[in-house]
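S.K.: Have a look at this one before I ask anything.
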Amino acid sequence: MEDRGGRLPGLHPGRRQGERLLPAAAGARHGGSVKGHRRNLAGALALLALLSAGEARAAEGDAGEPEAIGDVAAEVTALLAAQAAAWSRGDLDAFCSIYAEDTLFLSPSGLTRGRAEVLARYRQRYPDAAAMGRLTLEVLEVRPGSDQAGVAARWTLAYPDRPELSGLTLLVLARHAEAGWQIVQDASF
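Quick note on the numbering used here: the sequence shown kicks off at 86 and runs consecutively.
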């Protein structure tokens, strides 16, 4: 049942049976290929994050009323839009303010723990607004619970003088009584 390119239905475009899936631009963006153990760890942790959000939602009976579910999705989507706007104006402090103090961040370059460390990582990689570009986040799916939400999104960085960069992110957000919604896990590739 392969198509003309030897691909099987249901597989990622360009992927043949038995091939491993890598983020398309991961190697190109970071000057080399991602080590296999890091890729496997990142994938496993991202899956664990998504499953954790799903288990919380199932335990809560799908967060109650459909209106409440829609409210959670709208709140989280608005928060991410504000985060993208902060990035695009070059404000890394505001961009990182929605990360929890003990956040866990995964990327092709490794694992980062804590909001302060995530901010330091971004400051090193993006020293000024020109290096940051303009960020857009396309929310692909929100899986809301009453106090947690899983979000799958596509990020794109556009620049006036070079090709844009794009990748995927899987976020787990938790609602805290005082701080509101915060990102507790971020796997961005």
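Backbone N, C-alpha and C define an ideal beta-carbon position, used for all residues, glycine too.
1. Is the separation between the beta-carbon of A169 and that of S182 shorter than 9 Å?
2. Excluding the 5 residues flanking M239 on each side, which residues of the same chain have their C-beta closer than 7 Å to its C-beta?
3. What separation, rounded to the nearest whole angstrom, lies between the Cα atoms of L255 and D176?
4. Does DSSP put S182 in a helix, a strand or coil?
5. What are the partner residues of I268, as DSSP defines its beta bridges?
6. Looking only at C-alpha atoms, which of P248, A201, A272 and R198 sits nearest to A216?
7. Excluding the 5 residues preceding and the 5 following F190 in the sequence, name in chain order all residues of the same chain whose CB lies nearer than 6 Å to its CB.
8. Report the three-state DSSP secondary structure of G155 (helix, strand or coil).
M.R.: Based on what the coordinates show:
1. No.
2. According to the sequence shown, residue 239 is Arg rather than Met. These residues qualify, in order along the chain: E223, L225, S251 and L253.
3. Within the model, the alpha-carbon separation for L255 versus D176 is close to 22 Å.
4. In the structure shown, S182 sits in coil (DSSP, three-state: anything other than H, G, I, E or B).
5. Note: I268 sits in a beta bridge opposite Y184 and L258.
6. It is P248 whose Cα lies nearest to the Cα of A216.
7. Around F190, the same chain offers T197, V203 and D271 as residues with beta carbons nearer than 6 Å, after the five sequence neighbours per side are excluded.
8. If DSSP states are grouped into helix, strand and coil, G155 belongs with the helices.
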